[in-house]
Structures are given as structure tokens and as C-alpha cells.
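For reference, the structure is listed below as C-alpha cells.
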Amino acid sequence: AADPRAQQLLSRFAAEVPVGASSRGLAAFASQYLDSLLCYGNAVGEMVLDQNREELLGLYLPPLSHLSFTPGESPLEAVICTGEGQNRRPLPCPELILFTALHPAPGQVTGQSLLCGLPAISRVLLQIYSAIGKNFERMGNLRYAVTYHPTPGDSTDAAVVAGEISREWSAAMQAAAAGEIRDFVAVGD
11 AADPRAQQLL
21 SRFAAEVPVG
31 ASSRGLAAFA
41 SQYLDSLLCY
51 GNAVGEMVLD
61 QNREELLGLY
71 LPPLSHLSFT
81 PGESPLEAVI
91 CTGEGQNRRP
101 LPCPELILFT
111 ALHPAPGQVT
121 GQSLLCGLPA
131 ISRVLLQIYS
141 AIGKNFERMG
151 NLRYAVTYHP
161 TPGDSTDAAV
171 VAGEISREWS
181 AAMQAAAAGE
191 IRDFVAVGD
């Protein structure tokens, strides 16, 4: 605001406006409103006035379970009602109500929660994790690599060395099949 006094009043209002029974400030209202919108697909906020309708007493976020939503006279209008059955009636002062629907389906007034997509996302993630696990079992779990490079002056019989490597390799693979891990310790390349 251009007027410093007006800016001071706006800042004070934004920080101190009562929100529900236990919160204060527009940040608290926005947080609760957004939480309702994301979790339930709909959010409703109400400006609460004094009896003379002259002063704003606070902001209120009513429980969505106490409300119902119907299309209005035009497709651009939503009517928020309270009560059930024959006792259902529109809220008396719609100009004091803020209503938001998150991604309503065509022709619908109410929105869709972000949580409604969780089962599909969970299925995709489980398939990905399962594929990663299978790939790891098949190729990624390479614990063993054996190379033998005899030195030019090595007098050890190659058949004896190959037999020893084969026996140890076979024992390690049988142990791995039983769930036991054996490590090879080697020096060199």
C-alpha cells in the first residue's frame, strides 16, 4: 500500500487475524486451506463477521464433512449447502465463503484429492523396485571375479592352480546358494 499506515494495518492483520480456534495469521489460513485442498480435493474458508456485520472477527475452515456441494444456476457457480436430506440448505452468505475445487471432473463441482492417484503410483513404483531387484540378482550382484596371471618365472603347475581356483569357486557358489557369503581376497589385478 502507498500509505505507510495502511501497510502497517495490513501487515498486522496478516500476522494476527484469528484462524479457527487456535491459529493466527494468513499464513496459517493458507496452510490449512492448501492442506484441505490437496488431501480432500476441496477447500472451504469462511470470513466470520461480528453480529452487526461490520468487523471481521476471523477466518474459519469448516469441516468438509458438514458441507455438500451442488451445481448452481449456471455451470460457473457452485452452491455450498449445510445439513442433510430435507434439512439441507445453502449457506446464508455465499459472499463470505471461499471455495476451491482441485481438478474437478467435467460437469462436476467437487474436486479430486491428490491421494486418489496414490494406488496407481504405488503399483508403478512396486514394479520398478521389483525389476531393480530382479536385475540386481541376475547381473548386479557380481561378488566374484577371478583372474590368474602367472609370472614368467612361475614354476607352479597351471592345472593345479586352475583346480584350486575351481574348487574354491564351486564352494563359494554353493555357499552363496545357501545364503552364506564368502569373500575372496586377492592381490594384483
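First residue of the sequence shown? That's 11 in our numbering, and the numbers climb one at a time after it. Note that beta-carbon positions come from the ideal geometry of N, C-alpha and C, so glycine has one too. Predicted, not measured: the structure shown is a model, and the values here were computed from it.
In the DSSP output, which residue or residues are listed as bridge partners for residue i?
i     : result
Phe79 : Ile90
Arg99 : Thr92
If you draw a straight line from the C-alpha of residue i to the C-alpha of residue j, how long is it?
i      : j      : result
Gly198 : Gly127 : For Gly198, the predicted structure reports a pLDDT of 48, less than 50, and the residue's modelled location is therefore unreliable. A value from the coordinates is still provided. Whole-angstrom Cα-Cα distance: 53 Å.
Glu64  : Ile107 : 16 Å
Ser165 : Ser176 : 19 Å
Pro116 : Glu83  : 16 Å
Tyr70  : Phe39  : 8 Å
Asp167 : Thr161 : 12 Å
Gln96  : Ala141 : 55 Å
Glu105 : Phe146 : 60 Å
Ile131 : Ile138 : 11 Å
Gly143 : Leu136 : 10 Å
Arg133 : Cys49  : 20 Å
So which of the options has the shortest CA-CA distance to residue i?
i      : options                          : result
Leu124 : Ser21, Ala24, Pro14 and Asp45    : Asp45
His76  : Arg99, Gly93, Pro85 and Asn52    : Gly93
Phe109 : Pro72, Leu136 and Arg22          : Pro72
Pro102 : Val89, Val171, Leu112 and Ala111 : Val89
Leu59  : Gln118, Val27, Val134 and Arg15  : Val27
Pro81  : Leu74, Leu66, Pro100 and Gly68   : Pro100
Where does residue i fall in DSSP's three states?
i      : result
Gly189 : coil
Gly68  : strand
Leu136 : helix
Ala111 : strand
Val170 : helix
Ala12  : coil
Pro9   : One cannot answer for residue 9 here, as it falls past the ends of the chain, which runs 11 to 199.
Gly198 : In this prediction, Gly198 has a pLDDT of 48, which is less than 50 and means its spatial position is unreliable; nothing more can be read from the coordinates.
Ser165 : coil
Pro116 : coil
Gly121 : coil
Pro85  : coil
Met183 : helix
Pro104 : helix
Counting only runs that start and end within the region 24-63, where is the beta strand (DSSP E) found for 3 or more residues in a row?
-> 52-59
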